[in-house]
Amino acid sequence: MTSRGRTRKTIESKRWLARLQKVESPDVTYVSDTFPIMMKKARGMRITDMDGNSYLDFTACFGVMALGHGNPLLQRAMRAQSAKLVHGMGDVHPTASKVLLLELLARISPYDSAKSVLSLSGGEAMESALKTAMVVTGRHQFASFSGGYHGLHFGPLALSDRNTFTRGFEPWLEGKNHVIPFPLTRSEMSLGCEELDEKFYQNTHALPHWDTVLEKLEDVLRGRKIAAVVMEPLQGRGGERTWPSGFISQVEKLAHQFGTMLIFDEIYTGLGRTGSLFASDHEGVVPDLLVLGKALGGGLPLSACVGECLDAWGKSTGEARHTSTFLGHPLACAVGHAAVSEIIRRLPEFKRELLHVEKSFGKFFEAYAAADLHKRIPIQLRGRGFMRGIWFPTTNPGFAAQVSEQLLELGFITLPSGPRGDVLSFTPPLIARGKDFDLVLKALLQVLAK
Ligand SMILES: Cc1ncc(COP(=O)(O)O)c(C=O)c1O
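So that you can map any letter, position 125 of the sequence shown is 124 in numbering that gives the first Met the number 0, and since no number is skipped, the others follow by simple counting.
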């Protein structure tokens, strides 16, 4: 049944999926009897598929549609810019829309005089950040944390320790990065997670305590070959994982002690997702480079690497050392400018609604305990703001993916996260209301009770 109470029809979607499978590389779209939907149109929180079924979107399509689908203000910006100029000339003849976006990024960034390099996807912006760190420090290796996800371009791929992504490319990636274990939080330990981690997180090298983690990081940094430590201030695809309080500032201190830069990948967490403009605001740590993407373009492909050290690249002599055909794409910059301005304007409203979202999770956990479900399947709430996850620590790998597929049948689009697919993630548009969460959590209770 969909959330409108009809049985889900799939005939038209299946027809299109069959056509897709004939022409798309088979590694791209996962297709089963019941998955995925074929998206046709969307408005606000609601997505409609090719068969007319309607779903509430708790993914914001990978965190991109922060202002909801079909936002009229962004559509106006899109129409106005496309009537003037769609594509420009990246690093040659610039456009006003690029200047306006760069100025806005400089204003909202945590720096006094920020400069940026623009790109299209998160992975590309990470490449800009990694190259910048090499240019600034003259070093060529990196350190990242287990569970981190920074994109699949060759630069950020080297930071990954998930062999789902690195399989077949290892010789190319070798020696470029050091993976530091993610420190366990106190609440994870309280769930007996040390044991669980050994059993389940072998591939991600998780170690129980942050002292051990910091020692390992110091060992790696001591060689003074590390250009930058790269981290998400809240791990997204790693399972909505927050760092133990105070840990990030310890990382900053250590990195700077050894002349290493700190890069925050805020591609997922940035621009309001966690309830503040940047997730790093919660930590009181300013990175040397800030990387943005996803919500930045308001639905158009746009990303940025922002910092105060971009002058290290030197002045272009006519052949930029790092650029691309679509850099500073006028349409993306115009829509991105409108999106970021609107997110900032509405952030207080989004933050207020988070109180209702918290209440909604509170009610869910009470009902879960009252139904005695926690004895069968222990769960824990993770994340912050509009980036939440329900962690199933003791279930089989892929459990959250199964739950997510059942929620789809009930009319809710969610995604699994975590290295074992053991977290059900909720990253809806920031316009999501407490009552939207009430609906999806009620459906989740129904699924888990089964
Ligand atoms: C934290 C983080 N960094 C980087 C990326 C890669 O971005 P893209 O898929 O746009 O290359 C993602 C994508 O999910 C991400 O969540």
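We put the CB at the ideal spot given by N, CA and C, even for glycine.
Between ligand 1 and the CB of S120, the shortest heavy atom gap is smaller than 7 Å.
Nearest C-alpha to I10 among T28, N52 and Q20: N52. Scanning the segment 226-281 for uninterrupted beta strand (DSSP E) segments of 3 residues or longer gives 260-264, listed from N- to C-terminal end. Of the residues G274, L261, L253 and G121, the one whose Cα lies closest to the Cα of L301 is G121. Along the segment 361-392, the beta strand (DSSP E) occurs as fully enclosed runs of 3 or more residues at 379-383 and 386-390, listed in sequence order.
For ligand 1, no non-hydrogen atom lies closer than 7 Å to the CB of G269. When the Cα atoms are used, T324 and I343 turn out to be separated by approximately 29 Å. For D421, there is no enclosing alpha helix (DSSP H), as DSSP gives it neither H nor E. Relative to the non-hydrogen atoms of ligand 1, the Cβ of F61 comes within a distance shorter than 7 Å of at least one. Contact between the segment 277-297 and the segment 322-336 is present, with at least three C-beta pairs closer than 8 Å.
The C-alpha of A369 is placed about 49 Å away from the C-alpha of L103.
A heavy atom of ligand 1 is found nearer than 7 Å to the CB of M125. DSSP places I107 within a helical segment (H, G or I) once states are collapsed to three. By the Cβ rule, the segment 302-317 does not count as touching the segment 30-48, because fewer than three pairs are nearer than 8 Å. Cβ-Cβ distances below 8 Å link Q140 to G174, K175, N176, H177, K224, I225 and A226 in the same chain, with the five nearest sequence neighbours on each side left out; the list follows chain order. For the pair A105 and S115, the Cα-to-Cα distance works out to about 8 Å. Taking the Cα positions, L409 is about 51 Å away from R138. Under the three-state reduction of DSSP output, P170 falls in the helix class. If the five residues before and after F360 are omitted, its C-beta is found closer than 8 Å to the C-beta atoms of L380, R387, F436 and L440, all from its own chain and listed in chain order.
By the neighbour-count criterion, in which 16 or more other beta carbons inside 10 Å mark a residue as buried, D160 falls on the buried side. By the C-beta criterion, the segment 227-239 is judged to be in contact with the segment 266-276, since at least 3 inter-stretch pairs fall below 8 Å.
For the 8 Å CB-CB criterion, G433 and K350 do not form a contact.
Residue pairing from DSSP leaves M133 without any beta-bridge partner. H92 has its CB no nearer than 7 Å to any heavy atom of ligand 1. With contacts defined as CB atoms closer than 8 Å, V339 and P109 fail to qualify as a contacting pair.
Boundaries around L288 are those of the beta strand (DSSP E), L288 to L291, since no alpha helix (DSSP H) includes it. It is roughly 8 Å from the alpha-carbon of T33 to the alpha-carbon of E404. When G67, V134, T322 and I430 are compared, the shortest CA-CA separation from A41 is found for G67. Between G89 and L253, the beta carbon gap of about 37 Å keeps them out of contact (Cβ cut-off 8 Å). In the assembly as shown, S416 is a buried residue. Its beta-carbon has 16 or more other beta-carbons within 10 Å. The closest heavy atom of ligand 1 lies less than 7 Å from the beta carbon of E231. Separation of T58 and I430 (C-alpha to C-alpha, rounded to the nearest whole angstrom) is 12 Å. Taking the CA atoms as reference points, L220 sits about 22 Å from V290.
Apart from sequence neighbours up to five positions away, the residues of its chain that approach S279 with a beta-carbon distance below 6 Å are P232 and F263, ordered along the chain.
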